[in-house]
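Just below is one structure, and these are the notes that go with it.
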Amino acid sequence: MFAVRESATSMKIKKNFKDYKQIRTDVVMEGIDGGPLLAARSATSLCFYDWETAQMVRRIEIAAKHVYWSDSGEMVAICGDDSFYVLKYNPDAFANASPEEITEDGVEDTFEVIGEQSEGVKTAFWIGDCFVFTTVLNRLNYYVGGEIVTIAHMDRPLYLLGYMAKESRVYAVDKELNVVSYRLLLCVLEYQTAVMRRDFETADKVLATIPKEQRTRVAHFLEKQGFKRQALAVSQDPDHK
């Protein structure tokens with residue numbers, strides 16, 4: 001399935017390259033985005049629609065410029081000019097909603113706000129539950145569990161291309177098409193993702209693969225998530241303990 005915007009207030013969902021559903025909006029759309037839900041962006045709001053039924057799942061009052069879904073479809077980053085929100089998607093909330101729970105703004109419990117950050121996002125993608133992005137101030141960061149970690153300060157604007165797990169490197173390109181890369185350990189991201197999902201069995205297995213010089217950073221992450229006992233066990237810094 002895919003969607004096309006026919007006009008400022010109309011879009012069509014295509015299935016097997018044939019017209020399937022039409023959606024007419026009550027606002028002027030500035031753009032649309034795909035993902036587990038179809039998103040329509042306007043100057044004042046963001047509306048998510050179900051692909052199969054074309055029903056509005058949720059309307060959020062935000063001037064969104066970009067919408068980025070994680071590969072699992074469980075997390076979404078909604079980016080404005082100078083801030084972004086990370087939300088957790090609960091498809092069962094809409095699927096199981098009673099008629100009384102469906103308002104003109106959809107079903108409220110479909111999304112849960114995980115965090116808000118005052119950072120202008122330029123380009124981005126997800127690795128697990130970690131949101132990797134470049135900023136308007138030329139920084140390469142990632143967000144996980146309410147914390148922003150700076151990977152690098154860039155000397156010029158760069159645009160993200162993707163992540164090579166085998167090399168543990170993020171790749172980006174500048175306007176002259178020069179490709180650069182930055183180290184970002186997959187094991188650290190996998191550990192943080194497992195912790196965020198409360199999957200401590202997996203986290204313990206991944207911890208053994210994390211280099212010792214990275215473990216104090218991991219300990220600080222654990223402490224911020226409220227896992228002080230685990231943080232003390234992981235930390236390699238005597239002052240931290």
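Just so you know, the sequence shown maps onto residues 1 to 241 in full-length UniProt numbering. Glycine included, every Cβ here is placed at the ideal spot set by N, Cα and C. Bear in mind that the values here come from a model prediction, so they are computed numbers and not experimental data.
Checklist line | Coil, strand or helix - GLN230 by DSSP | finding: In the displayed model, GLN230 falls within a helix according to three-state DSSP.
Next item on the list: Identify which residue in ALA194, THR103, LEU184, GLY120 has its Cα closest to the Cα of ALA63.
Entry: For ALA63, the nearest C-alpha among the options comes from GLY120.
Next item on the list: Specify, as a first and last residue, the run of the beta strand (DSSP E) that MET56 falls within.
Entry: MET56: member of the beta strand (DSSP E) spanning 56 to 60, first to last residue.
Margin query: On the DSSP letters alone, give me the boundaries of the beta strand (DSSP E) that GLU74 sits inside.
Written below: Counting along the chain, GLU74 falls outside any beta strand (DSSP E), and DSSP gives it neither H nor E.
Notebook entry, point to check: LEU160 and TYR171: beta carbons closer than 9 Å?
Noted result: Cβ distance < 9 Å, so LEU160 and TYR171 count as in contact.
Check: Hey, quick one: how far does the alpha helix (DSSP H) through VAL206 stretch, first residue to last?
Finding: For VAL206, the enclosing alpha helix (DSSP H) covers residues 200 to 207.
Notebook entry, point to check: Do you know whose CA, among LYS166, TYR182, LEU37, lies nearest VAL173's CA?
Noted result: Minimum Cα distance to VAL173 is reached at TYR182.
Checklist line | Reduced DSSP secondary structure (H/G/I, E/B, other) of LYS41 | finding: In the sequence on display, residue 41 carries Arg and not Lys. Per DSSP, reduced to three states, the secondary structure at ARG41 is strand.
Notebook entry, point to check: Between GLN214 and the rest of its own chain, which residues show a CB-CB distance below 7 Å, the 5 nearest in sequence each way excluded?
Noted result: Within the same chain, GLN214 has close Cβ partners LEU185, VAL188.
Check: In its own chain, which residues sit with a C-beta less than 6 Å from the C-beta of CYS47, not counting the 5 before and 5 after it?
Finding: These residues qualify, in order along the chain: ALA40, MET56, ARG59.
Check: Among VAL107, LYS166, ASP82, GLY31, which one has its Cα closest to the Cα of PRO91?
Finding: Sorting VAL107, LYS166, ASP82, GLY31 by C-alpha distance to the C-alpha of PRO91 places VAL107 at the top.
Note to self: Helix, strand or coil for MET29? Go by DSSP, reduced to three states.
What the structure shows: Here MET29 sits in strand by DSSP.
Next item on the list: Give the DSSP bridge partners of GLY162, in chain order.
Entry: GLY162 is bridged to TYR171.
Item checked: CB of TYR68 within 9 Å of CB of GLY115, strictly -> No.
Note to self: What does DSSP give as the partner residue(s) for ASN141 in the beta ladder?
What the structure shows: Paired residues: PHE133, THR150.
Notebook entry, point to check: Considering only C-alpha positions, which residue in the set ASP26, ASN138, VAL180, TRP126 is nearest to GLU104?
Noted result: That would be ASP26, whose Cα lies nearest to the Cα of GLU104.
Item checked: Cβ-Cβ separation, GLY146 to GLU190 (assumed contact under 8 Å), whole Å -> About 18 Å separates the two Cβ atoms, so there is no contact after all.
Check: Whose CA, out of GLN225, ALA8, LYS212, lies closest to the CA of ARG198?
Finding: Per the C-alpha coordinates, the member of GLN225, ALA8, LYS212 positioned closest to ARG198 is GLN225.
Next item on the list: Determine the burial state of GLN22: buried for a count of at least 16 other Cβ atoms within 10 Å of its Cβ, exposed for fewer.
Entry: Under this definition GLN22 is an exposed residue.
Note to self: So, for TYR163: in the same chain, excluding its five sequence neighbours on each side, which residues have a beta-carbon less than 6 Å away from its beta-carbon?
What the structure shows: ILE127, VAL170, listed in sequence order.
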